[in-house]
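Before any comments, here is the structure.
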Amino acid sequence: MQPHYDYIIVGAGSAGSLLAARLSEDPATTVLLVEAGGPAKSWLIDTPGAYMKLHKSKYDWGFWSEPQEQLLNRRLYLPRGKVLGGSSSTNAMAYVRGNRADYDDWAALGNKGWSYDDVLPYFKKSEDNENLDDAYHGRGGELRVSYPNRFRTPFSTAFIEACVQSGFRRNDDTNGAEQAGAGLFQFTIRDGKRESGYTAFLKPAMRRPNLTVVTGTHTTEIIIEKDRAIGIRALTQVRGKVEYRCRKEVLLAAGAFGSPQLLMVSGVGAREELEGHGIACKVDLPGVGKNLQDHLFVPVGCTAKQNVGQNTSMSLFSQAKSVAQYYLAKTGFLNIGPLEAVAYGSTSLSPDRVDFQFQFSSFHMGPGYTTDFHDYKTFPQDQDGFSILPSLLRPKSRGTVSLSSKDPLDPPVIQPNFFAEEDDRKVMVEAVRRAADVLAAPAFDVYRDRALHPQLRTSASAQLATNSIGDSAAWEHVQKQVETIYHPVGTCKMGHDAMAVVDDELRVRGVEGLRVIDASIMPTIVSGNTNAAVYMIAERGSALVL
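Sequential numbering from 8 applies to the sequence shown in this note's numbering.
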């Protein structure tokens, strides 16, 4: 006889961890949480400064995109967390809510209850902000949010001042009343350790007898009978094939790649595609796997006159010193990830609304950098530097997640179609040139040695939108060095049109007892790092379920 639970949650990432904690608060409610990865028990996960060692490891699904036509047919690396806490256990720990207009756009599409005013209480509910306590922030929630209080480099102070000198306003809280401007990042770090969905929500809840968490268990099918989800089938590392049944609902929280793939192998998706793989179509939903959106960044850097950044900290001697500082003095580079400060601005294509982000890092990648940000061993270690990482926040290009076969263990085919829309190329080019201008500002004079990309400077940024992208040195730089920030969303989008997969209560159209509650439900991507928005979606999703 198969085990029965009230709720089955597939995926123990940011959303799944919070969902499991909230639904199991009622001792009379039984919850099963199923995770393909393993436990989050590693100093590499706990230590913010060890962040880049997590990618391309056992904690990572290690996806890759299809060749990108606009990017010289490069395939881009797409890490996803394969561990309790999901990508919140492997990400750069940035806590960014996005822009209030992002959520008002969702509501304008007919999604009741998803405007900024509607979702702000769900952001605040889980938040425990160490530095801010006002109408926009929460205190006393499970998720610690803080500035880089224990350590940061002097480069970050210079970056904020350089942005102000370049026309940005100073903004001490880019998650508050206004997003535009330059200030310090807020991070999910507690007392010098990573705060993830696992540490904040799931780990404390695992003491409850009504919550069962299974790891090393890859969900292979949602069991759908008579248009209702009644359970799942899975493959475990120890027991082989297993089956679990639920009395109430199956909740998918497998992310923007995993959730659409699981729907499709279970017979929910575009009929023609499913039947082409020999899968019987149970519900014809053409929007499953469509509408993929992601953020990209490209490094614009300098070498430094002073070795106070993170490149030289990667030598064996410096690593030993950093470990001693971290554990004995509670300071040093291991207290922070690769990012320190941030700025948001508008290009000439969107003068009234933020459309690019500068993430600031006390790393530089060298002048001939052509790999990806996670191959940190390729970074120069003999001289420090710093980089601005311009990012396109509201891409118009849309991609797809599709099946490579009907085997749920085969990775999906991920085609992001990056920069398919010309406006995306124009915004990125202008943002890249603006970044080069900021690096040339007087605030950096005391630190700047030489610009790694001097060809990117411009004194006529406002006219870039009409320039020929094909002739632009900035566009060539983007083509060679851009990479994803791994913020995939949108592949099971919420809405009411023909391509919507879930309604505004996150219920899968055409299937009773099945919801998707993760980043894949976003109709449009938020203007910033996505993890905070995923926690909000899970918080609101749990309220909808209950």
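All residues carry an ideal CB built from backbone N, CA and C; glycine is no exception. Predicted, not measured: the structure shown is a model, and the values here were computed from it.
Short of 6 Å from the beta carbon of residue 291, and not among the five residues preceding or following it, lie these beta carbons of its own chain, in chain order: 278. DSSP lists 243 as the beta-bridge partner residues of residue 224. Residue environment analysis places residue 338 among the exposed positions, since fewer than 16 neighbouring C-beta atoms fall within 10 angstroms of its C-beta. With a contact defined as Cβ atoms closer than 8 Å, residue 495 and residue 263 qualify at about 4 Å. DSSP lists no beta-bridge partner residue for residue 113. Relative to the Cα of residue 47, the nearest Cα in the group 29, 67, 36 belongs to 67. Remark: fewer than three beta-carbon pairs, one from each stretch, lie closer than 8 Å, so the region 506 to 521 and the region 85 to 93 are not flagged as touching. A contact between stretches requires three or more CB pairs, one per stretch, nearer than 8 Å, and the region 140 to 154 fails this requirement with the region 345 to 356. Between residue 411 and residue 417, the C-beta spacing is below 8 Å. One Cα belongs to residue 447, the other to residue 270, and the distance between them is close to 49 Å. The three-state reading of DSSP puts residue 299 in strand, counting E and B together. For the pair residue 98 and residue 538, the CB atoms are nearer than the 8 Å cut-off. In the pairwise beta carbon analysis, the region 27 to 38 is classified as touching the region 11 to 18: at least three pairs are separated by under 8 Å.
Taking the CA atoms as reference points, residue 454 sits about 15 Å from residue 159.
Close CB contacts of residue 74 within its chain, under the 6 Å cut and outside five residues either way in sequence, are with 80, 82 (chain order). Contact between the region 516 to 525 and the region 171 to 181 is not established, with fewer than three Cβ pairs separated by less than 8 Å. Secondary-structure assignment with DSSP links residue 67 through a beta bridge to 88.
DSSP places residue 194 in the strand class (E or B) of the three-state scheme. Its Cα nearest to that of residue 198, the residue 54 stands out among 257, 54, 126.
Only exposed fits residue 551, as fewer than 16 other CB atoms lie within 10 angstroms of its CB. Around the beta-carbon of residue 178, 16 or more other beta-carbon atoms lie within 10 Å, marking it buried. Around the Cβ of residue 128, a 10 Å sphere holds fewer than 16 other Cβ atoms; the residue is exposed. With 16 or more other Cβ atoms inside 10 Å of its own Cβ, residue 121 counts as buried. Between the region 433 to 443 and the region 355 to 367, the count of Cβ pairs shorter than 8 Å is three or higher; the stretches touch. Taking a C-beta distance under 8 Å as the contact criterion, residue 549 and residue 151 do not qualify as a contact pair. Straight through space, the alpha carbons of residue 506 and residue 281 are spaced by roughly 16 Å. Between residue 356 and residue 452, the C-beta gap is not smaller than 8 Å, which leaves the two residues out of contact. As DSSP reads the structure, residue 136 sits in a beta bridge with 152. For residue 421, the enclosing beta strand (DSSP E) stretches over residues 420 to 422.
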